[in-house]
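Start counting the sequence shown at 247; every next residue gets the next number (the numbering used here). Idealized CB from N, CA, C, for every residue including glycine. All remarks here apply to the structure that follows.
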Amino acid sequence: MTDPKTVHMEPMGPADTGMQVWEEINPDDLVSGKPVQRGHLYHSDKETGLEIGVWDCTPMTTKFEPYAVNEFMHVLEGSVTIVYEDGSEDTIRAGESFIIPKGMPCSWKQSEYIRKFFVIFDDPSGVLADGSQDQRVIRPLPDGPEGGMAAYDPGDPADYMTDLPAMTAHAYFTDPTGQMVVGVWEAEPFERPTAPINRCELMLIVKGSMTLKGDGEEFDFKTGEAAFVPVGAPYGWRSTETVRKIYCAFLRKETAANAVEAAE
247 MTDPKTVHME PMGPADTGMQ VWEEINPDDL VSGKPVQRGH LYHSDKETGL
297 EIGVWDCTPM TTKFEPYAVN EFMHVLEGSV TIVYEDGSED TIRAGESFII
347 PKGMPCSWKQ SEYIRKFFVI FDDPSGVLAD GSQDQRVIRP LPDGPEGGMA
397 AYDPGDPADY MTDLPAMTAH AYFTDPTGQM VVGVWEAEPF ERPTAPINRC
447 ELMLIVKGSM TLKGDGEEFD FKTGEAAFVP VGAPYGWRST ETVRKIYCAF
497 LRKETAANAV EAAE
């Protein structure tokens, strides 16, 4: 097993392999279409039910049923319309992000080719959010909610190589187990030394640029690019301008529980 490290997520998959054709979608799950799907997994952990990757697919419409997983998605190309039980719809287009909570009844109506980054949390416990039958698509906005983002505690000044930066954030979604969190975060310039990260995180840079520092390596990211950092990877940060990101973070149960206790 290779050591965990930061990954620059490519919209068409890794340059050396691209995306591979995946197994056929079960025709019994479809209303229309003969979709061909391709993808690449940057991370797959059967124990936690976490998968992170890039996926594309030709048109299809699925049957109406509860969504099987918690999934965060960022549309890179094309669009998809989510149809609800009452017949209303939400259409998500290229450049937009959205979350479908596990158990939300819906149909996936896709009239064109689509390509997306995704984070799937197939919680093995089967826990559903209260009111999951009435939930709708959640849309993290690059600028945060209309009322603005709240101040975010940057932590111990001793953990920084620069002055303590001002940070703001807003969480749009937390799954019922507290392990998967999706939100928007912004910070003034700062630098932190490299240390193992305690979570998996997909970061979509929506403002500014930064460098993620690994073990003797550096990875530069600018607006419009995506980084994935797996749990345990050497992780340091350096930015010389304000950075804002949409993030999807996953903490194992014991880490999430400790985070809740620390906040109480």
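Leaving out five residues before and five after residue i in sequence, what residues of the same chain have Cβ atoms less than 8 angstroms from its Cβ?
{"i": "Ile-451", "result": "Phe-467, Lys-468, Thr-469, Gly-470, Glu-471, Ala-472, Ala-473, Val-489, Arg-490 and Lys-491"}
{"i": "Glu-437", "result": "Tyr-406, Met-407, Thr-408, Gly-482, Trp-483, Arg-484 and Ser-485"}
{"i": "Glu-335", "result": "Thr-327, Ile-328, Val-329 and Lys-355"}
{"i": "Thr-423", "result": "Asp-369, Ser-371, Val-373, Lys-499 and Ala-502"}
{"i": "Ala-397", "result": "Ala-412, Met-413 and Thr-414"}
Tell me whether residue i is buried or exposed, calling it buried when 16 or more other Cβ atoms sit within 10 Å of its Cβ.
{"i": "Asn-272", "result": "exposed"}
{"i": "Thr-263", "result": "exposed"}
{"i": "Gln-379", "result": "exposed"}
{"i": "Thr-308", "result": "buried"}
{"i": "Phe-364", "result": "buried"}
{"i": "Arg-445", "result": "buried"}
{"i": "Glu-463", "result": "exposed"}
{"i": "Glu-311", "result": "exposed"}
{"i": "His-252", "result": "For the sequence presented, residue 252 should be read as Thr rather than His. Its Cβ being crowded by 16 or more others within 10 Å, Thr-252 is buried."}
{"i": "Pro-403", "result": "exposed"}
Three-state secondary structure (DSSP) at residue i?
{"i": "Asp-380", "result": "helix"}
{"i": "Pro-305", "result": "coil"}
{"i": "Asp-466", "result": "strand"}
{"i": "Lys-491", "result": "strand"}
{"i": "Lys-292", "result": "coil"}
{"i": "Glu-256", "result": "coil"}
{"i": "Glu-297", "result": "strand"}
{"i": "Pro-273", "result": "helix"}
{"i": "Ala-314", "result": "coil"}
{"i": "Pro-403", "result": "helix"}
{"i": "Glu-447", "result": "strand"}
{"i": "Glu-500", "result": "helix"}
{"i": "Trp-268", "result": "coil"}
Answer yes or no: do residue i and residue j have a C-beta to C-beta separation smaller than 9 angstroms?
{"i": "Val-300", "j": "Pro-250", "result": "no"}
{"i": "Asp-376", "j": "Lys-348", "result": "no"}
{"i": "Gly-324", "j": "Ile-360", "result": "yes"}
{"i": "Gly-285", "j": "Asp-302", "result": "yes"}
{"i": "Leu-497", "j": "Gln-425", "result": "yes"}
{"i": "Arg-385", "j": "Ile-338", "result": "yes"}
For residue i, which residues of its own chain have a beta-carbon under 7 angstroms away from its beta-carbon, when the five flanking residues on both sides are left out?
{"i": "Gly-390", "result": "His-416 and Val-430"}
{"i": "Met-456", "result": "Phe-467, Trp-483, Arg-484, Ser-485 and Val-489"}
Within the same chain, show all residues whose beta-carbon is closer than 6 angstroms to that of residue i, passing over the 5 residues directly before and after it, in chain order.
{"i": "Gly-454", "result": "Glu-487, Thr-488 and Val-489"}
{"i": "Met-449", "result": "Ala-473, Lys-491 and Tyr-493"}
Please decide whether residue i counts as near chain B, where near means a Cβ-Cβ distance under 9 angstroms.
{"i": "Arg-484", "result": "Any reference to chain B falls outside this structure, which holds one protein chain only."}
Quiz prompt | At least 3 beta-carbon pairs within less than 8 angstroms: the region 310-322 vs the region 338-353 | solution = yes
Quiz item: Any contact of the region 289-296 with the region 324-335, i.e. 3+ C-beta pairs under 8 angstroms?
Solution: no
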